[in-house]
Amino acid sequence: MKYIKKHQALRMIIPWLVPLLLIFFWYEATLHPSDTLLLPSPSEVVDRAIAMLKTGELQNYIFVSTKRAFMGFFIGGLIGFVLGLINGLSVTINLFFNTTVQMLRNIPALAIIPLMIIWFGIGEEMKVILVAFGVFFPIYANTYHGIKSVDQDLLEMGSVYGFSRFSMFKNIIFPSALSSILVGVRLSLGIMWLVLIAAETVATDAGIGYMAMTARGLMQMDKVVLSIILYALLGKLSDVLASIVEKRCLRWKKI
Amino acid sequence: MTEGFSLAIHSIEKNFDQVKVLKKIEMTIRAGEFVAIVGHSGSGKSTLLRLIAGLEESDEGEILIDQKKVQGINPQVRYLFQEPRLLPWKTVAANVQLGTEEQDSRVVLDTLEKIGLADKKDIYPDKLSGGQKQRVSLARALIGQPRILLLDEPLGALDALTRMEMQNLIESIWVEQRFTAVLVTHDVEEAVTLADRVFIIEDGIVIEVVEITLSRPRIVSNDKTYFTNAILKKILRKNQPDPAEDYVI
Numbered sequence: 001m002k003y004i005k006k007h008q009a010l011r012m013i014i015p016w017l018v019p020l021l022l023i024f025f026w027y028e029a030t031l032h033p034s035d036t037l038l039l040p041s042p043s044e045v046v047d048r049a050i051a052m053l054k055t056g057e058l059q060n061y062i063f064v065s066t067k068r069a070f071m072g073f074f075i076g077g078l079i080g081f082v083l084g085l086i087n088g089l090s091v092t093i094n095l096f097f098n099t100t101v102q103m104l105r106n107i108p109a110l111a112i113i114p115l116m117i118i119w120f121g122i123g124e125e126m127k128v129i130l131v132a133f134g135v136f137f138p139i140y141a142n143t144y145h146g147i148k149s150v151d152q153d154l155l156e157m158g159s160v161y162g163f164s165r166f167s168m169f170k171n172i173i174f175p176s177a178l179s180s181i182l183v184g185v186r187l188s189l190g191i192m193w194l195v196l197i198a199a200e201t202v203a204t205d206a207g208i209g210y211m212a213m214t215a216r217g218l219m220q221m222d223k224v225v226l227s228i229i230l231y232a233l234l235g236k237l238s239d240v241l242a243s244i245v246e247k248r249c250l251r252w253k254k255i
Numbered sequence: 001m002t003e004g005f006s007l008a009i010h011s012i013e014k015n016f017d018q019v020k021v022l023k024k025i026e027m028t029i030r031a032g033e034f035v036a037i038v039g040h041s042g043s044g045k046s047t048l049l050r051l052i053a054g055l056e057e058s059d060e061g062e063i064l065i066d067q068k069k070v071q072g073i074n075p076q077v078r079y080l081f082q083e084p085r086l087l088p089w090k091t092v093a094a095n096v097q098l099g100t101e102e103q104d105s106r107v108v109l110d111t112l113e114k115i116g117l118a119d120k121k122d123i124y125p126d127k128l129s130g131g132q133k134q135r136v137s138l139a140r141a142l143i144g145q146p147r148i149l150l151l152d153e154p155l156g157a158l159d160a161l162t163r164m165e166m167q168n169l170i171e172s173i174w175v176e177q178r179f180t181a182v183l184v185t186h187d188v189e190e191a192v193t194l195a196d197r198v199f200i201i202e203d204g205i206v207i208e209v210v211e212i213t214l215s216r217p218r219i220v221s222n223d224k225t226y227f228t229n230a231i232l233k234k235i236l237r238k239n240q241p242d243p244a245e246d247y248v249i
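Protein chains in written order, with this note's numbering: chain D, 1 to 255; chain L, 1 to 249.
So this is what it looks like as C-alpha cells:
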C-alpha cells in the first residue's frame with residue numbers, strides 16, 4: 001500500500017487495469033470468426049470508429065448528444081438549485097412548493113417520454129426537457145438538504161458578529177451547503193446521460209442514440225457496441241470533470 | 001487604547017417553558033472590570049450571558065451597557081463561545097477578518113501576532129489544535145476592539161496545560177486593552193485566576209459576590225487556594241455537607 005501511495009503514476013494506471021482486462025476477454029471471445037456476428041471484435045469497433053471519425057459523422061453525433069445533455073443539465077440544474085435555495089431559506093415558500101416537488105419527484109423521467117413526443121415532437125426540445133426533468137431533482141434535493149443542515153452554531157456566531165443577510169449567505173450558508181450541492185451535481189450527471197440515452201433511442205434524428213438505433217436496423221453490431229462504449233467514456237469524463245470541480249471548491253476539506 | 005463599557009443588570013428575569021431560569025438578577029459591573037460568574041450547570045449563568053449579548057430577550061428587567069439599554073446585538077460586545085465556531089472553509093486570517101469591517105490585512109496580522117499564530121494565517125482551521133482554534137476565535141473577537149468581551153466557558157474543552165496558557169493570554173490582553181470582561185465558568189480556580197470579582201449564581205439568583213484581592217498575575221499559591229475553597233464551599237453548601245466537617249484532620 002505504501003508503495004502505491006507514493007507513486008502517482010501507479011495510481012493513474014491501476015484503475016484502468018480492469019477495463020483493459022475486460023477488453024482482453026472481449027478480444028479472446030471474438031477470436032473465432034463465427035462469433036463475431038453477434039459480438040464484433042474490438043478491432044472491428046476501432047476500425048469503425050476511425051472510419052466514422054474520418055467522415056466527421058462520429059464527432060457530429062458526439063457533439064449533438066453532448067450539447068443536448070449539457071443544455072438539459074444546465075436548465076434543470078439551475079431550476080433545481082434556485083428552487084432548493086429558496087425552499088431551504090424560506091419556510092413559507094417551502095410550504096407552497098415542497099409537496100408539489102415531492103410528487104413530481106416520483107414520476108420517472110422516462111415515463112413522460114410519450115407525452116413529450118406528442119407535445120414537442122422528436123426534436124431537440126423534447127430531449128433537453130427530459131434531461132432537465134431528470135437532473136432537476138437530485139440537485140434540488142441536495143441543495144435543499146445542504147441549506148437545511150447548516151450548523152446553527154455558526155449562524156449564531158454570524159449574528160453576534162452582526163452579519164447582514166447577504167453576508168450570512170455568502171460566508172456561512174452557501175459554503176456550508178456547497179459540498180452537498182456538489183453531491184447533487186455528481187448524481188445528476190449520471191442521470192443526465194441515462195435519460196438522454198433513453199430519449200435518443202426512443203425517438204431522434206441525430207446523436208449517439210440515433211447512431212445505435214439505425215445500426216441495429218442494419219445489423220451493424222460494431223456501431224452498436226461503439227455507441228455503448230462512447231456512453232461509458234462520456235459518463236466517465238463528466239464524472240472526472242465533477243470531481244475536479246469538487247476538489248477545487250472544497251479545498252478546505254481534508255480529503 | 002479602548003476603554004471598557006460599564007454594565008448594569010437590573011432585576012432580570014427569564015423563563016423557559018414556565019421554568020424560571022433567572023429570578024431578579026442584580027449586578028453592577030464597572031468599566032474595565034473582569035468578573036466571573038460561577039455556579040452549577042443549569043443555574044442560568046449562560047442564559048445571563050446570552051441576554052447581555054442580545055442573543056435573547058429577558059422577560060423582566062433591563063440590562064444597561066454604558067448606560068444604554070440593550071436592544072439586540074451590539075457591535076461593541078463580542079462573545080467567545082465554548083466551541084471556536086470558526087468557518088472551516090476560510091483560512092485563519094479570513095476567519096479573523098470576519099470580526100472587523102477594517103479591510104487592511106495589516107490589522108489582521110497584528111491581531112494574529114498578539115495571539116501568537118501569525119505563521120498560521122494561511123491555513124484552514126482543520127489543521128489547528130483545539131487550543132489554537134480557540135485562540136483564533138479569541139483573535140476574531142478582539143480584532144473589532146470590543147468594549148465588552150463575554151466568555152462562555154471558552155476554555156472548558158481544552159486540556160489543563162493549554163487552558164493555563166489561554167488564561168495567561170486572556171489576562172495579558174485584558175490588561176493591555178482594558179475592555180470589560182464577563183467570564184462564565186464552572187471552574188472556580190479559573191474564576192479566581194482571572195476575575196476581580198466572582199458572582200456565585202444558584203437557582204437563578206446571585207447568592208454571593210466574592211472580591212478577589214490577589215495581585216496579578218496570579219500564580220498558584222495558598223492565597224489563591226483560600227479563595228477557591230471559600231467559593232467552592234458557598235457553591236456546594238446547599239446540596240452537600242461540607243466535606244471538611246466530615247474529615248477532621
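Ideal placement from N, C-alpha and C gives every residue a C-beta, glycine not left out.
With residue i as the anchor, note down where its beta strand (DSSP E) starts and where it stops.
i, result
"arginine 50 of chain L", "It is not in any beta strand (DSSP E) - arginine 50 of chain L instead sits in the alpha helix (DSSP H) that spans 45-53."
"phenylalanine 199 of chain L", "197-202"
"aspartate 152 of chain L", "148-152"
"asparagine 15 of chain L", "7-16"
"glycine 61 of chain L", "60-65"
"leucine 214 of chain L", "Here leucine 214 of chain L belongs to no beta strand (DSSP E), and DSSP marks it neither H nor E."
"methionine 27 of chain L", "19-29"
"leucine 183 of chain L", "180-185"
"tyrosine 79 of chain L", "77-80"
How many whole angstroms separate the CB atoms of residue i and residue j, which I take to be in contact at a CB cut-off of 8 Å?
i, j, result
"glycine 130 of chain L", "alanine 93 of chain L", "The pair is not a contact, with the Cβ atoms about 19 Å apart (cut-off 8 Å)."
"isoleucine 197 of chain D", "glycine 209 of chain D", "6 Å"
"isoleucine 235 of chain L", "valine 210 of chain L", "About 11 Å separates the two Cβ atoms, so there is no contact after all."
"alanine 203 of chain D", "isoleucine 122 of chain D", "4 Å"
"proline 154 of chain L", "phenylalanine 81 of chain L", "7 Å"
"valine 224 of chain D", "valine 131 of chain D", "About 22 Å; that fails the 8 Å criterion."
What do you get for residue i, buried or exposed, if any count of 16 or more other CB atoms within 10 angstroms of its CB means buried?
i, result
"arginine 68 of chain D", "buried"
"glutamine 177 of chain L", "buried"
"methionine 157 of chain D", "buried"
"serine 243 of chain D", "exposed"
"isoleucine 249 of chain L", "Note on isoleucine 249 of chain L: pLDDT 49, under 50, position unreliable in the model; no value is reported."
"threonine 180 of chain L", "buried"
"alanine 141 of chain D", "buried"
"asparagine 168 of chain L", "exposed"
"histidine 7 of chain D", "exposed"
"methionine 103 of chain D", "exposed"
"phenylalanine 199 of chain L", "buried"
"methionine 211 of chain D", "buried"
"leucine 226 of chain D", "buried"
"glycine 72 of chain L", "exposed"
"methionine 12 of chain D", "exposed"
To the nearest angstrom, how far is it from the Cα of residue i to the Cα of residue j?
i, j, result
"phenylalanine 133 of chain D", "glycine 88 of chain D", "20 Å"
"lysine 54 of chain D", "valine 45 of chain D", "14 Å"
"glutamine 132 of chain L", "tryptophan 252 of chain D", "17 Å"
"phenylalanine 166 of chain D", "isoleucine 172 of chain D", "10 Å"
"asparagine 222 of chain L", "valine 188 of chain L", "15 Å"
"isoleucine 182 of chain L", "alanine 36 of chain L", "Looking at the sequence shown, residue 182 of chain L is not isoleucine but valine. Their Cα atoms are separated by approximately 6 Å."
"tryptophan 193 of chain D", "proline 33 of chain D", "34 Å"
"isoleucine 12 of chain L", "serine 188 of chain D", "54 Å"
"aspartate 110 of chain L", "alanine 118 of chain L", "8 Å"
"arginine 105 of chain D", "valine 135 of chain D", "11 Å"
"glutamate 83 of chain L", "glutamate 200 of chain D", "54 Å"
"isoleucine 23 of chain D", "alanine 206 of chain D", "28 Å"
"glutamate 246 of chain D", "phenylalanine 163 of chain D", "27 Å"
"glycine 4 of chain L", "arginine 197 of chain L", "16 Å"
"valine 128 of chain D", "methionine 52 of chain D", "25 Å"
"tyrosine 161 of chain D", "valine 70 of chain L", "16 Å"
"methionine 126 of chain D", "leucine 83 of chain D", "22 Å"
"methionine 219 of chain D", "proline 19 of chain D", "26 Å"
"asparagine 15 of chain L", "arginine 50 of chain L", "13 Å"
"isoleucine 9 of chain L", "proline 75 of chain L", "19 Å"
"aspartate 59 of chain L", "threonine 91 of chain L", "40 Å"
"serine 43 of chain D", "leucine 21 of chain D", "15 Å"
"aspartate 126 of chain L", "leucine 85 of chain D", "27 Å"
"valine 21 of chain L", "isoleucine 63 of chain L", "16 Å"
Hey, quick one: how far does the alpha helix (DSSP H) through residue i stretch, first residue to last?
i, result
"valine 38 of chain L", "Premise fails: valine 38 of chain L lies in the beta strand (DSSP E), 34-38, not in any alpha helix (DSSP H)."
"alanine 215 of chain D", "208-217"
"serine 243 of chain D", "221-249"
Within 8 Å, do at least three Cβ pairs link the segment 118-128 of chain L to the segment 145-161 of chain L?
No, they do not touch.
Counting beta carbon pairs with one atom in the segment 111-127 of chain D and one in the segment 147-157 of chain D, are three or more of them shorter than 8 Å?
Of all C-beta pairs linking the segment 147-157 of chain D to the segment 111-127 of chain D, fewer than three are shorter than 8 Å, placing the two stretches out of contact.
On the three-pair Cβ rule with 8 Å, is the segment 191-209 of chain L touching the segment 52-59 of chain L?
As far as the Cβ criterion goes, the segment 191-209 of chain L does not touch the segment 52-59 of chain L, which means the pair count is below three.
Decide if the segment 93-102 of chain L is in contact with the segment 134-142 of chain L; the criterion is three or more beta carbon pairs, one per stretch, under 8 Å apart.
yes
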